[in-house]
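For what it's worth, my numbering labels the leading residue of the sequence shown as 130, then goes sequentially. One structure is given below, encoded as structure tokens.
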Amino acid sequence: MNITEDTPAIHHGRNIRMFRKTIDMKQDVLAKRLSDLGARQQDVSRLEQMEVIEDDILTLVAKALNIDVRLIKEFDADTAIRNICVVKENTFTDQSYSIGQQIVNAGERMVDVYERLVASEKEKYTILNDGNTELKKLHEELMRKYDELAKHNTRLVENNLELMNKLQTLLEKISTK
């Protein structure tokens, strides 16, 4: 099997979707993170269907997903699966078995590192989400206090106007006497 001849082009959109789903991120959340582009959920959906995406957009998406842009550009799940299958299908002599086992071990270590990376990204996402929730609570509290102060200030202004009217009436009475 010649992998280079059989390898299809890397589908950027599928990679974006795969990495987005891996960190349990919804399309609308990614769209919010891409708000500089004015992105909506429908735009993210269309983006995930595109085979080739411009580098500047890939860079922004990678940043929003907190991953290296090369993962989106270069990762090919089909090739990775095909490589694993080729290693498993080959029969090994004693010498080649050792080399094959080293390849399998390296692959397992790569999977382990990738799983830890994904877990780390999920943890970052959770921390950011929790922080965002706290900020929203603080904002709501500040707005509530602002409303209370605005009402209080309105009452003070009304009281001052009433006192000024009474004072003016009193001054008019004094000046007419």
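Think of the CB as a built atom: it goes at the ideal place given N, C-alpha and C, for glycine as much as any other residue.
**Prompt:** Can you tell me whether Arg284 is buried or exposed, with buried defined as 16 or more other CB within 10 angstroms of its CB?
**Reply:** Sequence index remark: in the sequence shown, residue 284 carries index 155 (1-based). With fewer than 16 Cβ atoms within 10 Å of its Cβ, Arg284 is classed as exposed.
**Request:** Counting only the same chain and skipping the five closest in sequence on each side, list residues whose C-beta sits under 8 Å from that of Leu299.
**Result:** One-based indexing of the sequence shown puts residue 299 at position 170. Annotation for Leu299: no residue places its beta carbon closer than 8 Å to its own, counting only its chain and skipping 5 residues before and after.
**Prompt:** Looking only at C-alpha atoms, which of Ile210, Asn261 and Ile256 sits nearest to Glu237?
**Reply:** On the sequence shown, position 108 is the one that residue 237 refers to. Residue Ile210 is the option with its Cα nearest to Glu237.
**Message:** For Asn294, which residues in the same chain have their Cβ closer than 6 Å to its Cβ, ignoring the five residues on either side in sequence?
**Reply:** Here the question's residue 294 lines up with position 165 in the sequence shown. Cβ-Cβ distances below 6 Å link Asn294 to nothing in the same chain once the five nearest sequence neighbours on each side are left out.
**Asked** Taking the alpha carbon of Arg175 as the point to measure from, which residue in Thr151, Arg146 and Glu277 has its own alpha carbon closest?
**Response** Here residue 175 refers to the residue found at position 46 of the sequence shown. Closest option to Arg175, Cα to Cα, is Arg146.
**Message:** On the criterion of 16 or more Cβ atoms from any shown chain inside 10 Å, does Val173 qualify as buried, or is it exposed?
**Reply:** Taking the first residue of the sequence shown as 1, we reach residue 173 at position 44. Per the 10 Å Cβ criterion, buried.
**Asked** Where does Lys251 sit, in a helix, a strand or coil, going by DSSP?
**Response** Counted from its first residue, the sequence shown places residue 251 at position 122. In the structure shown, Lys251 sits in a helix (DSSP, three-state: H, G or I).
**Message:** DSSP three-state label for Lys107, please.
**Reply:** Only positions 130 to 306 of the chain appear in this structure, which leaves residue 107 out of reach.
**Request:** Note down, in chain order, each residue of its chain lying with its Cβ closer than 7 Å to the Cβ of Gln316, except the 5 sequence neighbours on either side.
**Result:** Because the chain in this structure spans residues 130 to 306, residue 316 falls outside the shown range and cannot be described.
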